[in-house]
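A.B. asks:
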């Protein structure tokens with residue numbers, strides 16, 4: 064792809080990086096923190112690569128000041144992080160543990176002292192284990208507990224944080240956690256997955272209400288969705304029907320209630336053999352449909368689908384890990400295919416056009432709502448060279464192409480306010496353990512030393528200047 068010329072972003076554009084608590088913090092037993100579902104899952108034999116856990120992760124809990132200073136040296140002006148629910152409310156019920164909240168107060172103060180805008184995500188998959196023991200997201204009470212938790216954190220940090228996200232990628236929480244079982248809590252029940260999806264929608268609405276009850280009027284409340292770009296293999300009616308089924312389950316199941324106050328009728332029809340949706344009570348959809356101040360979009364790769372009956376011979380794609388259980392409850396006669404093009408180490412096709420397509424779709428789905436790209440990035444097999452540097456030209460090219468796609472979307476009328484690179488640094492990559500490196504900063508897992516990669520230097524210059532440097536600048 065030829066480089067875009069004269070790609071300049073507005074001075075107000077947010078140049079950020081993103082992380083999540085369980086992936087970086089460590090300190091899983093300090094100051095009253097109790098296990099989350101990811102602590103339990105990662106200690107289950109066979110659940111993660113090499114039995115890796117987040118017990119230490121990259122020790123951000125003790126090294127946060129150095130990590131913030133590194134962000135400042137790079138030139139970032141925003142940082143998106145998540146709060147560990149079991150660190151601040153260990154049982155998922157009752158009063159907050161002030162020692163847990165104090166960590167996030169110190170982190171926010173450190174960010175602000177370096178001129179970096181904090182963006183708080185309340186839930187990035189680390190449900191307190193006690194709530195899972197009581198039924199987890201398939202149970203309505205978990206949504207109520209989330210609202211209580213949102214109130215506690217909003218009250219503690221609302222005087223210094225203006226940007227809030229309720230949930231990160233609820234699709235993964237519901238369908239990978241309760242459907243395919245490749246994520247915590249590792250359950251494989253399609254009905255539980257659909258129930259979890261609904262209660263996550265409800266939790267978003269209740270959490271938004273709880274935040275607004277304690278936050279200043281200037282605060283922005285959003286949700287981050289990993290709505291996927293679903294493409295049919297052909298324009299044959301059977302392939303279009305397959306794409307529609309997956310689009311309902313990947314996108315409509317969350318943006319329907321959150322943005323429009325209703326589930327897609329085609330989704331309800333397709334899943335009717337599994338569930339009657341009787342757990343959707345009067346008023347739930349109105350609660351889920353709270354006015355938002357912004358919308359976060361996470362994007363990595365598109366999906367290519369066809370009717371299983373029409374599927375040609377050739378490589379099939381399994382974008383969410385090997386499993387005998389499907390993360391697509393109710394989908395029938397659907398085959399996934401590997402989209403053409405170069406791939407990251409995750410096996411994901413590199414397709415920056417998909418990011419443009421996703422942004423423009425949500426400009427239509429939610430006209431007038433500011434958008435943020437809250438996750439985008441790539442894993443590559445990075446290594447430290449003999450001179451101590453980490454050169455990752457593939458990631459630099461990836462970032463250049465995807466940021467150029469964001470710029471093109473802005474030129475096409477999309478109101479995109481910021482971009483958050485996934486991730487600030489290498490970390491615990493869920494069921495892949497430490498085998499996949501997404502960071503712009505290399506972490507030596509033996510010493511936990513941080514080494515900015517070429518991509519970090521490139522992205523830092525983009526952040527400082529508002530312009531995309533040449534791909535060979537570093």
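Residue numbers (this note's numbering): 64 to 537.
For every residue, glycine included, the Cβ atom is placed at its ideal position computed from N, Cα and C.
(1) If we ignore side chains and look at the alpha-carbon of each, how far apart do residue 472 and residue 424 end up?
(2) With the cut-off set at 9 angstroms, would you say residue 138 and residue 502 are in Cβ contact?
(3) Going along the chain, which residues of its own chain have a beta-carbon closer than 7 angstroms to the beta-carbon of residue 194, five neighbours each way excluded?
(4) Which residue wins for smallest C-alpha separation from residue 99, given the options 247, 141, 198 and 517?
(5) Three or more beta-carbon pairs under 8 angstroms between the region 401 to 413 and the region 331 to 351, yes or no?
(6) Would you decide whether residue 279 is buried or exposed? Buried here means 16 or more other CB atoms lie within 10 Å of its CB.
(7) Put residue 295 into one of helix, strand or coil per three-state DSSP.
(8) Name the DSSP bridge partner or partners of residue 435?
(9) Which parts of the region 478 to 519 are runs of the beta strand (DSSP E), unbroken and 3 residues or longer, counting only runs that do not cross its ends?
(10) Below 7 angstroms CB to CB, which residues in the same chain sit around residue 432 once its five sequence neighbours on both sides are set aside?
(11) Using 8 angstroms for Cβ pairs, my map puts residue 436 next to residue 360. What's the rounded Cβ distance?
(12) At which residues does the alpha helix (DSSP H) containing residue 176 begin and terminate?
(13) Judging by CA-CA distance, which residue of 107, 333, 151 and 134 is the nearest neighbour of residue 175?
(14) Suppose the cutoff is 8 angstroms on Cβ atoms and the five residues either side in sequence are ignored; what does the same chain contact list for residue 132 look like?
(15) Applying the 10 Å Cβ sphere with the 16-neighbour rule, what's the burial state of residue 385?
(16) Helix, strand or coil for residue 214? Go by DSSP, reduced to three states.
(17) Using only CA atoms, which one of 203, 283, 536 and 230 lies nearest to residue 255?
(18) Just the C-alpha distance for residue 229 and residue 181, rounded to the nearest angstrom, thanks.
(19) Taking just the CA atoms, how far does residue 301 sit from residue 409?
(20) Can you tell me where the alpha helix (DSSP H) with residue 348 in it begins and where it stops?
(21) What separation, rounded to the nearest whole angstrom, lies between the Cα atoms of residue 383 and residue 366?
(22) Span of the beta strand (DSSP E) holding residue 230?
(23) Would residue 128 pass as a contact of residue 173 if the rule is Cβ separation under 9 angstroms?
(24) Can the beta-carbon of residue 272 be found less than 9 angstroms from the beta-carbon of residue 215?
(25) Could you give the DSSP three-state label for residue 466: helix, strand or coil?
C.D. replies: With the given structure in hand:
(1) Against the chain shown, residue 472 aligns to sequence position 409. Against the chain shown, residue 424 aligns to sequence position 361. The straight-line gap from Cα to Cα measures roughly 10 angstroms.
(2) On the chain shown, residue 138 is found 75 positions in, with the first residue counted as 1. On the chain shown, residue 502 is found 439 positions in, with the first residue counted as 1. Taking 9 angstroms as the Cβ cut-off, residue 138 and residue 502 do not qualify as a contacting pair.
(3) One-based indexing of the chain shown puts residue 194 at position 131. Result list for residue 194: 155, 205 and 208, in chain order.
(4) For the purposes of this step, residue 99 is identified with residue 36 of the chain shown, where counting begins at 1. Of the candidates 247, 141, 198 and 517, the one whose C-alpha sits nearest the C-alpha of residue 99 is 247.
(5) no
(6) Looking up residue 279 in the chain shown gives position 216. Counting every other CB atom within 10 Å of its CB across the protein chains shown gives residue 279 a total below 16, marking it as exposed.
(7) Working through the chain shown from its first residue, we reach residue 295 at position 232. Note: residue 295 maps to strand in three-state DSSP.
(8) As a first step, residue 435 is located in the chain shown; it is residue number 372 there, counting from the start. BP columns for residue 435 point to 359 and 481.
(9) Correct list: 479 to 485, 504 to 506 and 513 to 515.
(10) In the chain shown, residue 432 corresponds to position 369, counting from 1. Excluding sequence positions up to five before and after residue 432, its CB lies within less than 7 angstroms of the CB of 355, 357 and 358, all in the same chain and listed in chain order.
(11) For this step, residue 436 is matched to residue 373 along the chain shown. For this step, residue 360 is matched to residue 297 along the chain shown. About 6 angstroms separates the Cβ atoms of residue 436 and residue 360, confirming a contact at the 8 angstroms cut-off.
(12) Mapped onto the chain shown, residue 176 falls at position 113. Unbroken alpha helix (DSSP H) run through residue 176: 161 to 176.
(13) As a working note, residue 175 is residue 112 in the chain shown. Nearest Cα to residue 175 within the set 107, 333, 151 and 134: 134.
(14) Within the chain shown, the letter at position 69 stands for residue 132. Same-chain partners within the cutoff: 177.
(15) Translated into positions along the chain shown, residue 385 becomes position 322. Since pLDDT at residue 385 reaches only 37, below the 50 mark, its modelled position is unreliable, and the value read off the structure follows with that caveat. Answer is exposed; the Cβ neighbour count stays below 16.
(16) Stepping through the chain shown from its first residue, residue 214 is reached at position 151. Reduced to three states, the DSSP call for residue 214 is helix.
(17) As a working mapping, residue 255 is identified with position 192 in the chain shown. Of 203, 283, 536 and 230, the residue nearest in Cα terms is 203.
(18) Taking the chain shown and counting its residues from 1, one reaches residue 229 at position 166. Taking the chain shown and counting its residues from 1, one reaches residue 181 at position 118. Taking the straight line joining both Cα atoms gives about 14 angstroms.
(19) Numbered from its first residue, the chain shown carries residue 409 at position 346. Numbered from its first residue, the chain shown carries residue 301 at position 238. The alpha-carbon atoms of residue 409 and residue 301 are separated by roughly 29 angstroms.
(20) Start at 1 with the first residue of the chain shown, and residue 348 comes out as number 285. From DSSP, the alpha helix (DSSP H) with residue 348 extends over 347 to 351.
(21) Within the chain shown, the letter at position 320 stands for residue 383. Within the chain shown, the letter at position 303 stands for residue 366. Confidence in residue 383 is poor, its pLDDT being 44 and thus under 50, which makes the residue's placement unreliable; the coordinate value appears in the next sentence. Computed Cα separation, rounded: 11 angstroms.
(22) On the chain shown, position 167 is the one that residue 230 refers to. From DSSP, the beta strand (DSSP E) with residue 230 extends over 226 to 231.
(23) Counting from 1 along the chain shown, the entry for residue 128 is found at position 65. Counting from 1 along the chain shown, the entry for residue 173 is found at position 110. Contact flag set, yes.
(24) Here residue 272 refers to the residue found at position 209 of the chain shown. Here residue 215 refers to the residue found at position 152 of the chain shown. Cβ atoms of residue 272 and residue 215: not closer than 9 angstroms.
(25) Counted from its first residue, the chain shown places residue 466 at position 403. In this structure, residue 466 counts as helix in the three-state DSSP scheme.
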